[in-house]
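My numbering numbers the first residue of the sequence shown as 12 and each following residue consecutively.
Using N, Cα and C, we set each Cβ at its ideal position, and we do this for glycine too.
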Amino acid sequence: MLFDVSTRANGPMFDGRAQRVLNAYVDHLERRLAEEGLNILRGEMHRVFRNPTGYYESRCKVVDGHTISDSRVVYGPWLAGIGSRNFPVTKFKGYDHWIVTRDKLNARKRGIGERLLRRYTGRM
């Protein structure tokens, strides 16, 4: 007995559409998470800063669509408590705004990703 089997692969998984949709999803998710992180960071700065001038907050922004940066403000590490002048030079231990932002964003990222994925699954 002899079988001759042939297959034809077509559809979004085989013609590249699914790959393009997934790449778009990842790009959108990275931008969305960075924007959410920046919003959390600004809220945390309002929570912990006692006498804010607004300059440091204005320098915090999303860079390259996926990175949150303080634009290398010279006193940024000191505010975060990781600068060379924090300990033992001064009693100021720094604020926890970056750490809390990281933790809150990690807690929210799954929900954000799942909600965003629903928009893209229909295109595959």
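Simplified DSSP state of Thr78, which is helix, strand or coil:
Walking along the sequence shown from the start, residue 78 turns up at place 67. Residue state, collapsed to three classes: strand.
Say whether the stretch 118 to 132 touches the stretch 39 to 48, bearing in mind that this needs 3 or more beta-carbon pairs closer than 8 Å, one atom from each stretch.
yes
Contact the stretch 101 to 110 vs the stretch 27 to 37: 3+ CB pairs below 8 Å:
no
Integer Cβ distance of Asp81 from Tyr67, believed to fall under 8 Å:
Within the sequence shown, numbered from 1, the residue matching residue 81 stands at position 70. Within the sequence shown, numbered from 1, the residue matching residue 67 stands at position 56. So it is a contact: roughly 7 Å between Cβ atoms.
Which residues mark the beginning and the end of the alpha helix (DSSP H) in which Met56 is found?
Within the sequence shown, residue 56 is the residue found at index 45, counting from 1. Boundaries of the alpha helix (DSSP H) around Met56: 28 to 59.
Enumerate in chain order the residues of its own chain whose CB-to-CB distance from Leu52 is below 8 Å, with the five nearest sequence positions on each side excluded.
Reading the sequence shown from its first residue, position 41 is the one you call residue 52. If you ignore the 5 residues before and after Leu52, its C-beta comes within less than 8 Å of the C-beta of Cys71, Ile79, His108, Trp109, Thr112, all in its own chain and listed in chain order.
Are Gly92 and Lys104 close, meaning C-beta to C-beta below 8 Å?
Working through the sequence shown from its first residue, we reach residue 92 at position 81. Working through the sequence shown from its first residue, we reach residue 104 at position 93. In this structure, Lys104 lies closer than 8 Å to Gly92 by Cβ.
Span of the alpha helix (DSSP H) around Lys120
To locate residue 120, count along the sequence shown from 1; it is residue 109. Looking at the DSSP string, the run of the alpha helix (DSSP H) that includes Lys120 is 108 to 132.
Below 8 Å on the Cβ atoms is my contact criterion, and I expect Glu47 with Leu116 to pass it. Report the Cβ-Cβ distance as a whole number of Å.
The residue labelled residue 47 in the question sits at position 36 within the sequence shown. The residue labelled residue 116 in the question sits at position 105 within the sequence shown. The Cβ separation is near 6 Å, so the contact holds.
On the DSSP letters alone, give me the boundaries of the alpha helix (DSSP H) that Pro99 sits inside.
Within the sequence shown, numbered from 1, the residue matching residue 99 stands at position 88. It is not in any alpha helix (DSSP H) - Pro99 carries neither H nor E in the DSSP assignment.
State yes or no: is the C-beta of Met135 within less than 8 Å of the C-beta of Pro63?
Here residue 135 refers to the residue found at position 124 of the sequence shown. Here residue 63 refers to the residue found at position 52 of the sequence shown. No, the pair does not count as a contact, with Cβ atoms beyond the cut-off.
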